[in-house]
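Residue numbers (this note's numbering): 622 to 1374. Even for Gly, the Cβ is constructed at its ideal location relative to N, Cα and C. Notes to accompany the following structure.
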């Protein structure tokens, strides 16, 4: 096949015909109709016909996109026509046969009056010529075409043929729809490896990724690139499926009639037959098992659709390819689709090019817009959907307009983006999954999976399954090394908009509080309610907040409290100020994360029996609390950089504690023997505690694997530690002698100097 999207075509159509039969009748009207539809046809009026076709005619065939061959009774009596046909078969991908007052089987088998004329033309010809002519006639006659016998309506026939030509030309026109989607070639290259088009096996391939990442765009570009390799091809979009679902209620989506309807639509498109009807579900297998087909199923979210359209590879002919595009990985796994291409976010360089193409119609930002462009790309989180929508929104506006609009773009999600991404959330079948999604968006983004499970252990939510489902639905991803949960910033903002909608006028009645202004209002007015489960405050968002004594007292179900800053501020610039009388934190807390906690001691009424994580780096604590607290739920404690901490916390009952970080607690002098109760402790960091002098002689904690004592320059006696230690940091110690029974057979990392 010589078709190429890079070919400089001169003509749309080349017509092969016997002039004495149709030139002044059918051909005249056909060429006139082509002209009316702006289809450029080659016209050979000035070429003198003889026994062999010349170079000018051969070039005209090569320079035409489509060949229309009109077989008539005298066609085979012309060696010119037969040589023309051989050339067409050799170099044309699309040939439309028209059987004018002629039986197609006579052409195919060279029989009847047509066959007699052919035999006459073959006299005194070589066997090679006769074989080429006969094979060309058979090949073209086997193509589905148009058949008419007088006195059929010739005008109607001509209209049908020209409409067919126009439709094929539209499909052949090189698409520029994806020129602005940078990186498309990389996607197609990777997908080509999965498709393995040279293989005769029937292969199903999945394209998987979150909403807005460009799956459909990639699939459309791939379809346009490869569809010519297949006898039948169809791109089933969301509208195709939705129409069927609208006819047959989703309440009974497994309805037999729905599957029949979907198969009828599929076969109609693949076989190019309107109003096709079937009466059993084996029709697809029966009609397509000998046909090499290409089927794209876009935005799949219902397994019934896949069951109806492509349940088994045995339904299709050798070399067929079925590509399923979805944001639900489980659907792919459920049908044994192992060849899965995950669409990831573009690199920063590609993202800025995508945005600039949408905003400026250029590959890079013009002078004066560079920082603004990068700011918008960051806001969009490099998601192609966001890049395109925000670029279109800002296109043509002045730099001053951009600057005025930036605060709004940072603080509020664009309506089109939110509407699109909201579909993924609404598509979650389980209320548990929706709840876990909201928890992650507001509290747990970038938290370890294991920590999330611990913090929600008594919530009644099926967290393990929920995380799996959210990954499969492309709503979160799990970082493979650290096993942390990551949610895209636009999805996170979508979830937060859902939370805001729970109570627009009274934020104290929402499930989570994440907006700085809303949190400040609730805490200042003591208007929190039992509804509030979590608060996450970026203290950089507030000017200054004087916390009321009763700020948290009405939040009887508060489980998660996060107060943090991303900037280094001096002690004089503390923004969250507590009254001396402040003495209440909810006992329901599972997570207490408060950077630079301003009190010298925890509130005396705080009874942390449910606390799982206590994170107070840089606090002003001198001690945590008096006496022994019920800390059986505590897994992680971090007081790193709490320079005033004088008393090592009493952790006698924290028997499930796994990590303890007290690095740079400069006022600590002694580690008490009660640390020996922490048999589940795996990580202990005491780095920079240069006033630390006493450490229990025997700290043979069986689970301890990481011990960091860097900079404990006051420590002279090294404790007997567990033989399970794998990482040990001991530089800048004043230890005079190490224990003789120190056996570290599991050690893999040692830092000393």
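Residue i in three-state terms, based on DSSP
i: residue 806; result: helix
i: residue 962; result: strand
i: residue 1166; result: strand
i: residue 1171; result: coil
i: residue 1005; result: helix
i: residue 1311; result: coil
i: residue 1048; result: coil
i: residue 657; result: helix
i: residue 1319; result: strand
i: residue 698; result: helix
i: residue 972; result: helix
i: residue 711; result: helix
i: residue 631; result: coil
i: residue 1197; result: strand
i: residue 636; result: strand
i: residue 739; result: helix
i: residue 1095; result: coil
i: residue 1058; result: helix
i: residue 1298; result: helix
i: residue 688; result: strand
i: residue 1184; result: strand
i: residue 1029; result: helix
i: residue 642; result: helix
Close beta carbons around residue i, own chain, < 8 Å, minus the five adjacent residues each side
i: residue 1119; result: 1043, 1046, 1059
i: residue 787; result: 658, 660
i: residue 672; result: With a pLDDT of only 45 at residue 672, under 50, the local geometry of the prediction cannot be trusted, and the value read off the model is given with reservation. Contacts found: 700, 701.
i: residue 777; result: none
i: residue 1248; result: 1271
One or two residues paired with residue i in a DSSP bridge
i: residue 1235; result: 1213, 1258
i: residue 767; result: 719
i: residue 829; result: 947, 963
i: residue 955; result: Paired residues: none, contrary to the question.
i: residue 918; result: 857, 945
i: residue 1205; result: In DSSP, residue 1205 forms no bridge with anything.
i: residue 1348; result: 1327, 1370
i: residue 704; result: According to DSSP, residue 704 bridges with nothing at all.
i: residue 824; result: 942
i: residue 1068; result: Residue 1068 is not bridged to any residue.
i: residue 1230; result: The partner list for residue 1230 (beta bridge, DSSP) is empty, contrary to what the question assumes.
i: residue 1106; result: 1099
Same chain only: Cβ atoms within 7 Å of residue i, ignoring 5 sequence neighbours per side
i: residue 1161; result: 1186, 1187, 1188
i: residue 1393; result: Residue 1393 is absent from the model: the chain starts at 622 and stops at 1374.
i: residue 1190; result: In this predicted model, residue 1190 has a pLDDT of only 49, less than 50, meaning its place in the structure is not dependable; the value taken from the coordinates is given anyway. Closer than 7 Å at Cβ, skipping near neighbours: no residue.
i: residue 881; result: 899, 902
i: residue 955; result: 924
i: residue 734; result: 694
Expected contact under 8 Å - CB spacing of residue i and residue j to nearest Å
i: residue 854; j: residue 930; result: The pair is not a contact, with the Cβ atoms about 14 Å apart (cut-off 8 Å).
i: residue 637; j: residue 663; result: That pair is no contact at about 10 Å.
i: residue 867; j: residue 888; result: The pair is not a contact, with the Cβ atoms about 20 Å apart (cut-off 8 Å).
i: residue 1260; j: residue 1283; result: 6 Å
i: residue 1312; j: residue 1290; result: 6 Å
i: residue 1263; j: residue 1281; result: Contact doesn't hold; Cβ gap of about 13 Å is too wide.
i: residue 1106; j: residue 1065; result: 6 Å
The ligand PLP heavy atom lying under 8 Å from the CB of residue i
i: residue 808; result: Judged by which ligands are present, the structure shown has none, so any question about the ligand PLP falls away.
Own chain partners of residue i with C-beta closer than 6 Å, once the 5 adjacent residues on each side are dropped
i: residue 1217; result: 1239
i: residue 1367; result: 1345, 1347
i: residue 1365; result: 1346
i: residue 997; result: 1011
i: residue 1158; result: 1140, 1184
i: residue 1371; result: 1349
- Message: Whether or not the stretch 811-819 and the stretch 694-713 are in contact is what I'm after, with contact meaning three or more pairs of Cβ atoms, one per stretch, closer than 8 Å; do they touch?
- Response: Short answer: they don't touch.
- Meets three-Cβ-pair contact criterion under 8 Å: the stretch 1317-1325 and the stretch 1294-1307: Contact between the stretch 1317-1325 and the stretch 1294-1307 is present: 3 or more CB-CB pairs across the two stretches fall below 8 Å.
- May I ask you to verify whether the stretch 1113-1127 touches the stretch 1079-1087, counting CB pairs closer than 8 Å and requiring at least 3? No, they do not touch.
- Pairing CB atoms from the stretch 1049-1059 with CB atoms from the stretch 1015-1029, are three or more of them under 8 Å? Counting Cβ pairs under 8 Å, fewer than three are found: no touch.
- Message: Below 8 Å, how does it come out for the stretch 1234-1241 and the stretch 1200-1208: are there three or more Cβ pairs, yes or no?
- Response: Contact between the stretch 1234-1241 and the stretch 1200-1208 is absent, because fewer than three Cβ pairs lie under 8 Å.
- Query: Any contact of the stretch 964-979 with the stretch 829-837, i.e. 3+ C-beta pairs under 8 Å?
  - Reply: Yes, they touch.
- Message: Under 8 Å: do the stretch 917-925 and the stretch 893-909 share three or more Cβ pairs, one atom per stretch?
- Response: Flag = no, the stretch 917-925 and the stretch 893-909 do not touch.
- Query: Would you call the stretch 689-701 and the stretch 715-722 in contact, with 3 or more CB pairs under 8 Å?
  - Reply: Touching, yes.
- Query: Should the stretch 974-981 be called in touch with the stretch 996-1013, which here means at least 3 C-beta pairs below 8 Å?
  - Reply: Contact holds: three or more Cβ-Cβ distances are below 8 Å.
- Query: Counting Cβ pairs, one atom from each stretch, are 3 or more of them under 8 Å apart for the stretch 931-947 and the stretch 905-913?
  - Reply: Touching, yes, given that three or more Cβ pairs across the two stretches are closer than 8 Å.
- Message: Could you check whether the stretch 1091-1103 touches the stretch 1121-1129, counting it as contact only if at least three pairs of C-beta atoms, one from each stretch, sit closer than 8 Å?
- Response: Per the Cβ contact rule, the stretch 1091-1103 is not in contact with the stretch 1121-1129 (fewer than 3 Cβ pairs under 8 Å).
- Query: Can you find at least 3 beta carbon pairs, one from the stretch 1127-1136 and one from the stretch 1150-1165, that sit closer than 8 Å?
  - Reply: In this structure the stretch 1127-1136 lies against the stretch 1150-1165, because at least three pairs of beta carbons, one per stretch, are closer than 8 Å.
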